[in-house]
Structures are given as structure tokens and as C-alpha cells.
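In full-length UniProt numbering, the protein residues as written are 1 to 165.
Beta carbons: idealized from backbone N, C-alpha and C, even for Gly.
Source: prediction; values computed, not measured.
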């Protein structure tokens, strides 16, 4: 099965917002590990071999487990969990296929549609517009980073995307 197409950002965002509504999450920070566990997925922090240390994490469909690089800093781990949860929700058929592959961190600039969708899912799960609307004008990027428990680059990306600022 070949899975190449234009990213469906609308679906990725919609699935993230649906999860937030399903679990009644209305204020930051959003804990993606708790969401994954409530959906029945396991989250496991592991030490990768040195040659694989540039992998932030991956999702194993057979084990229904998100594996997270324990050597990453915590805010990166949070985004990784949300990203891999996005794969679980958006790309189940692909992940079960022979086309599935784990990307190395330097491959994140890739134009792979599934990676773009998983990033969109994670961004909208962790920093949804309806939450950001309440805080973004009154707080600095650093303060928003602390409030939403994501990195400053994630916050800046979300503000730029949502408000063009």
C-alpha cells in the first residue's frame, strides 16, 4: 500500500480538538501521556543505542506503545508523545504496512505527509487555538512555553501560524 498524498491538516487538527473535547481538556498544559494511556496506549521511556540516539520516539502498533527517547529533554518528550499519538490516530493502516519507517530527527525537514500531519496533530493537541487565544497577547513566548509545557519554538510556531505574529 502506497501512502503518499498531500497532508490533510484539517483532519489532523480536527482529531486533536476532538480528543481535547472528549476528555474535557479546556486549559493548559495538556498531558499527551495521560491521553495516550486513557486511549489504551502505553508510553515507554527507553534508552536507544548510540547510533539510534537521534530518534525522538516511535509508535509500535503491534504493542500499542509509544517509545520515547529517555535522553531527550522533557519538553521534547512531550511533543514526541503527542506526535506519535498522532500517528496512532491518523495513520493506523500505514503503520501496520511494510511502508512504515522510523525517521531520524534530522529527517524532520522532510516533506513526508504523514510526518506533517502528525506534527499538526501534536501542535493542535498541545497548543490548541482556543486555549492560546486566552493567553498569547498577555504573556511572553517563554511564559507561554511554561504554561503550555512545550518548547519556545513550538509556541512561536503556533503564534505565527494562528495569528501571523
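For residue 150, which residues from the same chain have a beta carbon less than 7 angstroms from its beta carbon, with the 5 sequence-adjacent residues on both sides left out? Residue mapping note: residue 150 aligns to position 150 of the chain shown, counting from 1. The answer, listed in chain order, is 75, 78, 79, 126 and 127.
Quick one: give me the first and last residue of the alpha helix (DSSP H) that residue 81 is part of. Along the chain shown, one-based indexing puts residue 81 at 81. Its alpha helix (DSSP H) spans residues 74 to 90.
With the cut-off set at 8 angstroms, would you say residue 86 and residue 68 are in Cβ contact? Against the chain shown, residue 86 aligns to sequence position 86. Against the chain shown, residue 68 aligns to sequence position 68. No.
Going by DSSP in three states, residue 15 sits in which element: helix, strand or coil? Taking the chain shown and counting its residues from 1, one reaches residue 15 at position 15. If DSSP states are grouped into helix, strand and coil, residue 15 belongs with the helices.
CB-CB length for residue 113 against residue 7, believed under 8 angstroms: On the chain shown, position 113 is the one that residue 113 refers to. On the chain shown, position 7 is the one that residue 7 refers to. Going by Cβ atoms, the distance from residue 113 to residue 7 rounds to 4 angstroms, so yes, they are a contact pair.
Could you check the C-alpha separation between residue 43 and residue 157 for me, to the nearest Å? Counting from one through the chain shown, the residue named residue 43 turns up at place 43. Counting from one through the chain shown, the residue named residue 157 turns up at place 157. Roughly 26 angstroms between the two C-alpha positions.
CA-to-CA distance, residue 49 to residue 122, given in whole angstroms: Numbered from 1 along the chain shown, position 122 holds the residue referred to as residue 122. Numbered from 1 along the chain shown, position 49 holds the residue referred to as residue 49. Approximately 26 angstroms, taken between the alpha carbons.
Is the Cβ-Cβ distance between residue 65 and residue 41 less than 8 angstroms? If you number the chain shown from 1, residue 65 lands on position 65. If you number the chain shown from 1, residue 41 lands on position 41. For residue 65 and residue 41, yes; Cβs fall inside 8 angstroms.
Please report the residue range of the alpha helix (DSSP H) in which residue 46 lies. Locating residue 46 in the chain shown gives position 46, counting from the first residue. No alpha helix (DSSP H) contains residue 46, which is instead part of the beta strand (DSSP E) from 42 to 46.
Buried versus exposed, by CB contacts within 10 Å (16 or more), residue 88: Translated into positions along the chain shown, residue 88 becomes position 88. With 16 or more Cβ atoms within 10 Å of its Cβ, residue 88 is classed as buried.
Could you spell out where the beta strand (DSSP E) holding residue 133 opens and where it closes? Here residue 133 refers to the residue found at position 133 of the chain shown. Unbroken run through residue 133 is the alpha helix (DSSP H), 129 to 135; no beta strand (DSSP E).
Residue interval of the alpha helix (DSSP H) (run including residue 55): If you number the chain shown from 1, residue 55 lands on position 55. Segment: none, residue 55 is in no alpha helix (DSSP H) and carries neither H nor E.
Name the residue from 23, 45, 34 and 27 whose alpha carbon lies nearest to the alpha carbon of residue 135. By 1-based counting over the chain shown, the position of residue 135 is 135. When each option's Cα is compared against that of residue 135, the closest is 27.
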